[in-house]
Amino acid sequence: KAGVTQTPRYLIKTRGQQVTLSCSPISGHRSVSWYQQTPGQGLQFLFEYFSETQRNKGNFPGRFSGRQFSNSRSEMNVSTLELGDSALYLCASSWVGGLNTEAFFGQGTRLTVV
Amino acid sequence: SQQGEEDPQALSIQEGENATMNCSYKTSINNLQWYRQNSGRGLVHLILIRSNEREKHSGRLRVTLDTSKKSSSLLITASRAADTASYFCAPNQGGKLIFGQGTELSVKP
Numbered sequence: 235k236a237g238v239t240q241t242p243r244y245l246i247k248t249r250g251q252q253v254t255l256s257c258s259p260i261s262g263h264r265s266v267s268w269y270q271q272t273p274g275q276g277l278q279f280l281f282e283y284f285s286e287t288q289r290n291k292g293n294f295p296g297r298f299s300g301r302q303f304s305n306s307r308s309e310m311n312v313s314t315l316e317l318g319d320s321a322l323y324l325c326a327s328s329w330v331g332g333l334n335t336e337a338f339f340g341q342g343t344r345l346t347v348v
Numbered sequence: 043s044q045q046g047e048e049d050p051q052a053l054s055i056q057e058g059e060n061a062t063m064n065c066s067y068k069t070s071i072n073n074l075q076w077y078r079q080n081s082g083r084g085l086v087h088l089i090l091i092r093s094n095e096r097e098k099h100s101g102r103l104r105v106t107l108d109t110s111k112k113s114s115s116l117l118i119t120a121s122r123a124a125d126t127a128s129y130f131c132a133p134n135q136g137g138k139l140i141f142g143q144g145t146e147l148s149v150k151p
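Quick mapping for you: the protein sequence lines, in order, are chains D and C.
Once you know that position 25 of the first sequence is 259 in my numbering, the rest is easy, because the numbers rise by one and skip nothing.
Once you know that position 68 of the second sequence is 110 in my numbering, the rest is easy, because the numbers rise by one and skip nothing.
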């Protein structure tokens, strides 16, 4: 069974631009959650999508948004990029919502904002 | 706010020794998941333990959970150099996994 796939793996963007990251969950999993990892703040929860609906949200500004498609694939968008958005963005796939079953992570997308 | 706080922050042991990492959290949880991460790569899922469970095993891993003390521990027995990584506990609070800063484990051959 294929694992969680995140694309692209690496991305360099300029301040003020926007970026879209993609996450394909494990087949059959309906929950996708997103995390940001930085050296200073560690791993922080962004949001969770389940059955195309945002189920939960962390404390990030509105520049961070996401969506989930009917095939459970999810995208995360960051608009008006800031230098501080440079981070490793990880998505996790889970069988049910609320992360009540094992959450399996992808390899991440490393975003650098210059 | 951080929910899972790992202790110690860093641990260095010799191959063959056991490694114990502890985790404390602040509020009630649905479950608690342990992960391993190598050099800023993706997180590898180790074990999920539910709030009504006290202990779980998986190979050389043993996880305990004490909900009265709001704490969990991860024991790696007979460690190997390949176990060198950062280990995170992630309590599930209200449907969110809340990570601490992790424990950096170094296993010397």
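For glycine and all other residues, C-beta sits at the position ideal for the given N, C-alpha and C.
Select from C/S81, C/Q51, C/D49 the residue whose C-alpha is nearest the C-alpha of C/A124.
C/S81
For D/Y244, is the classification buried or exposed, using 16 other Cβ atoms within 10 angstroms of its Cβ as the cut-off for buried?
exposed
So which residues on chain C does D/Q341 lean against when the C-beta distance must stay under 9 Å?
R83, G84
Consider the Cβ of C/K98: report whether some Cβ of chain D lies at a distance smaller than 8 Å.
No, no contact with chain D.
On a CA-only basis, which of D/R249, D/V330, D/F303 is nearest D/S320? Give me that one, please.
Closest by alpha carbon: D/R249.
Here's the rule I'm using: 16 or more other beta-carbon atoms within 10 Å means buried, otherwise exposed. How should D/I260 be labelled?
buried
If you draw a straight line from the C-alpha of C/S43 to the C-alpha of C/R78, how long is it?
Low local confidence applies: a pLDDT of 44 at C/S43 is under 50, so the model's placement there is unreliable, with the coordinate-based value given in what follows. Computed Cα separation, rounded: 21 Å.
So for C/S43, helix, strand or coil by DSSP?
Note that C/S43 has pLDDT 44, beneath the 50 cutoff, so the model's placement of it is unreliable and no number is given.
With a threshold of 16 other CB atoms inside 10 Å of the CB of C/S54, please say whether the residue is buried or exposed.
exposed
According to DSSP, is D/G274 helix, strand or coil?
coil
With 9 Å as the limit, tell me which residues of the segment 129 to 142 of chain C have their beta carbon closer than that to any beta carbon of chain D; keep them in chain order.
F130, A132, N134, G136, G137, K138, L139, I140, F141, G142
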